[in-house]
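Here's the structure we're looking at; comments come further down.
There are 2 protein chains.
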Amino acid sequence: MKNNQYKQGYPLVKLDDFEQPSVAVDLVIFTIKERSLQTLLIKRGIVPFKESWALPGGFIKMNESLEESALRELEEETGVNKVYLEQLYTFGNVGRDPRGRVITVSYMALINSKDIKLKASTDASDVNWFRISNLPTLAFDHKKILNYAVKRLKWKFEYTTIAFSLLHSRFSLGELQRLYEIVFDKEIDKRNFRKKILSIDILKTESIMKDAPYRPPQLYSLKVKIGDSININNLA
Amino acid sequence: MKNNQYKQGYPLVKLDDFEQPSVAVDLVIFTIKERSLQTLLIKRGIVPFKESWALPGGFIKMNESLEESALRELEEETGVNKVYLEQLYTFGNVGRDPRGRVITVSYMALINSKDIKLKASTDASDVNWFRISNLPTLAFDHKKILNYAVKRLKWKFEYTTIAFSLLHSRFSLGELQRLYEIVFDKEIDKRNFRKKILSIDILKTESIMKDAPYRPPQLYSLKVKIGDSININNLA
DNA sequence: TGAATAGTGTCTTTCAGACAATATGCC
DNA sequence: GGCATATTGTCTGAAAGACACTATTCA
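If you read the protein sequences in the order shown, they are chains A and B. To convert, take the position in the first sequence, counting from 1, and add 216; that gives the working numbering. To convert, take the position in the second sequence, counting from 1, and add 216; that gives the working numbering.
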């Protein structure tokens with residue numbers, strides 16, 4: 217099994233002189249549902265922490281990169297494959313998994329709730345969305361990972377265009393503002409928000425929305441790449 | 217050897233059903249020497265990339281956390297043990313190490329050049345400091361790691377107090393300004409810099425320097441923690 | 001008094017932040 | 001006309017950024 221750890225004749229390099237830890241990927245999947253920021257958790261069907269809620273994730277395979285592994289897990293849990301995905305932090309404390317040494321590379325994914333088709337995964341007896349403001353107790357050190365992810369998310373909302381990955385390709389400024397208000401759990405002055413967003417010149421005007429219940433808004437699209445740096449002030 | 221991967225009776229959990237990658241830690245060690253930003257590299261004494269320069273690092277041990285592993289490597293290479301240390305990013309592409317699957321967790325360390333006593337490490341035939349502006353070709357994907365570290369360093373200089381980890385506990389504003397000028401490779405207006413630093417109220421005045429060659433400067437010390445958030449504008 | 005470094009203040013411009021009235025479309 | 005949402009501008013205060021002279025110590 218371990219043979220392919222010895223390649224191209226490097227006999228002196230004994231990677232196996234060291235016991236090897238297991239490497240996993242854990243995902244913090246964010247979406248906006250019911251006017252709140254939510255994340256996907258799975259109820260563990262196996263020990264340890266059987267019946268506890270946990271972040272979706274799993275061990276990496278030898279022939280896939282960390283990111284490919286994260287995308288595979290994401291697809292297995294949600295059926296979604298086109299998302300914003302970002303590596304967060306690697307957690308490797310010795311006792312973090314009672315089964316042995318497991319190092320986990322955490323990722324954050326942002327998906328549009330319309331794209332989701334939840335699947336029941338083999339090792340999860342249940343899968344569900346939870347409001348960030350109302351989370352159950354989590355297995356392992358997943359609470360720590362989730363807290364880290366929320367901080368990073370807010371940070372990235374202020375300093376990059378990742379928010380737009382949660383909107384459709386055409387959106388109104390009202391939708392954008394509601395998104396920021398949900399993530400920061402804070403009301404924002406409409407005039408200042410619009411002034412700020414329009415001043416940084418990242419939007420193209422599109423058509424006007426049809427079939428709006430009341431006055432239809434102007435639609436916009438993002439004319440820079442998702443993840444590009446911007447600076448939306450002080451919303452934190 | 218692998219027995220302790222099975223603990224506390226979790227027979228169904230077969231971590232070893234998966235081949236395990238190796239996990240390493242690589243260090244980007246920054247210091248200021250000769251009025252420039254420099255990083256420590258080792259010349260590899262073993263294949264692969266024998267005789268190439270590389271970041272210091274090594275495989276983690278089963279009984280140490282990632283951070284402990286980074287600190288151990290740091291101490292082995294430089295003799296330094298009290299430093300600013302921060303995890304950067306985890307690189308895990310399949311082909312990044314010709315010996316097999318090696319996932320590396322990168323760390324950035326900032327050390328005061330006065331504290332360094334370089335040691336010749338067992339697996340390095342040579343150890344040296346290099347200016348960031350004049351680097352040799354690096355082994356593996358270490359160039360990518362280093363580029364990432366430089367970006368993070370600059371970023372953290374603008375938004376946190378990590379710069380102060382490169383100064384003595386008492387320092388002049390001139391020393392602080394020179395440090396920022398070196399890291400950003402850019403001249404900064406003295407009056408605006410001082411105004412800004414003093415306005416954010418993170419410094420305590422100390423004594424006045426003795427034995428200065430010319431007019432002795434006022435000394436200051438940091439009255440908040442290293443790593444605390446601040447905002448030194450727009451130096452990037 | 002010359003050399004080297006330390007220390008200081010003003011003006012302009014830009015931007016954040018507070019704040020309220022009008023416009024549009026649907027019923 | 002009533003309702004729900006969209007859209008727009010002004011004023012104030014704070015801070016960034018440009019800019020040049022004086023102060024201190026030592027040789």
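A virtual CB, placed ideally from N, CA and C, is assigned to each residue, including glycine.
Interface with chain B (9 Å Cβ-Cβ cutoff): VAL321 of chain A is included.
Of the candidates B:LEU414, B:SER268, B:ALA379, B:ALA379 places its Cα closest to the Cα of GLU397 of chain B. In this structure, A:LYS249 is the residue among A:LYS249, A:ILE448, A:LYS439, A:PRO429 with its C-alpha nearest to the C-alpha of ILE327 of chain A. Annotated as distal: LEU435 of chain B and ILE446 of chain B, with beta-carbon spacing of 9 Å or more. For TYR305 of chain A, the chain B residues whose Cβ falls inside 8 Å of its Cβ are GLN303, in order along the chain.
Within the region 277-299 of chain B, those residues whose Cβ lies closer than 9 Å to any Cβ of chain A are, in chain order, LYS277, MET278, ASN279, GLU280, SER281, LEU282, GLU283, GLU284, SER285. Beyond the five residues adjoining it in sequence on each side, ARG410 of chain A comes within less than 7 Å, by CB distance, of LEU389 in the same chain, given in chain order.
Rounded to the nearest whole angstrom, the CA to CA distance from PHE387 of chain B to LYS441 of chain A is 42 Å. Shown here, THR247 of chain A sits in a strand according to DSSP, grouped into three states. Boundaries for THR421 of chain B: no alpha helix (DSSP H) harbours it, while the beta strand (DSSP E) harbouring it runs 419-424, taken from the DSSP string. In this structure LEU369 of chain A does not touch LEU383 of chain A by the C-beta definition: roughly 15 Å separates them, more than the 8 Å allowed. In the DSSP secondary-structure assignment, VAL241 of chain A is bridged to A:GLY274, A:VAL321. Contact check between the region 259-266 of chain B and the region 276-286 of chain B: fewer than three CB pairs, one atom from each, fall below 8 Å, which does not count as touching. The beta carbon of GLY308 of chain A sits closer than 9 Å to some beta carbon of chain B. In the structure shown, the three-state DSSP call for ASP342 of chain A is strand. Taking a contact as a CB-CB distance under 8 Å, the pair VAL244 of chain B and PRO237 of chain A does not count as one, their CB atoms being some 22 Å apart.
Minimum Cα-Cα distance from LYS420 of chain A among the listed residues A:GLN303, A:LYS439, A:GLY295 corresponds to A:LYS439. The alpha-carbon separation between ILE276 of chain B and GLY274 of chain A amounts to approximately 21 Å. By the neighbour-count criterion, in which a residue is buried when 16 or more other Cβ atoms sit within 10 angstroms of its Cβ, SER322 of chain A is buried. For VAL239 of chain B, the C-beta contacts it makes with chain A under 8 Å involve GLN236, PRO237, VAL239, GLY308, ILE319, in order along the chain.
Between ILE332 of chain B and THR294 of chain B, the alpha-carbon positions lie close to 6 Å from each other. Contact check for GLN254 of chain A against PHE346 of chain A passes: the beta carbons are separated by less than 9 Å.
Residue environment analysis places ILE416 of chain B among the exposed positions, since fewer than 16 neighbouring C-beta atoms fall within 10 angstroms of its C-beta. DSSP places GLN303 of chain A in the strand class (E or B) of the three-state scheme. DSSP places LEU351 of chain B outside any beta strand (DSSP E), giving it a letter other than H or E. Inter-residue distance for SER385 of chain B and GLU235 of chain A is about 41 Å (C-alpha atoms, whole angstroms). The beta carbon of PRO352 of chain B sits closer than 6 Å to those of TRP269, all from its chain and outside the five residues before and after it, given in chain order. In this structure, the beta-carbon distance from VAL296 of chain A to LEU304 of chain A does not fall below 9 Å.
Beta-bridge pairing by DSSP links LYS259 of chain A to A:TRP269, A:ASP342. DSSP places GLN434 of chain A inside the beta strand (DSSP E), whose first and last residues are 434-438. By the neighbour-count criterion, in which 16 or more other beta carbons inside 10 Å mark a residue as buried, GLU267 of chain B falls on the exposed side.
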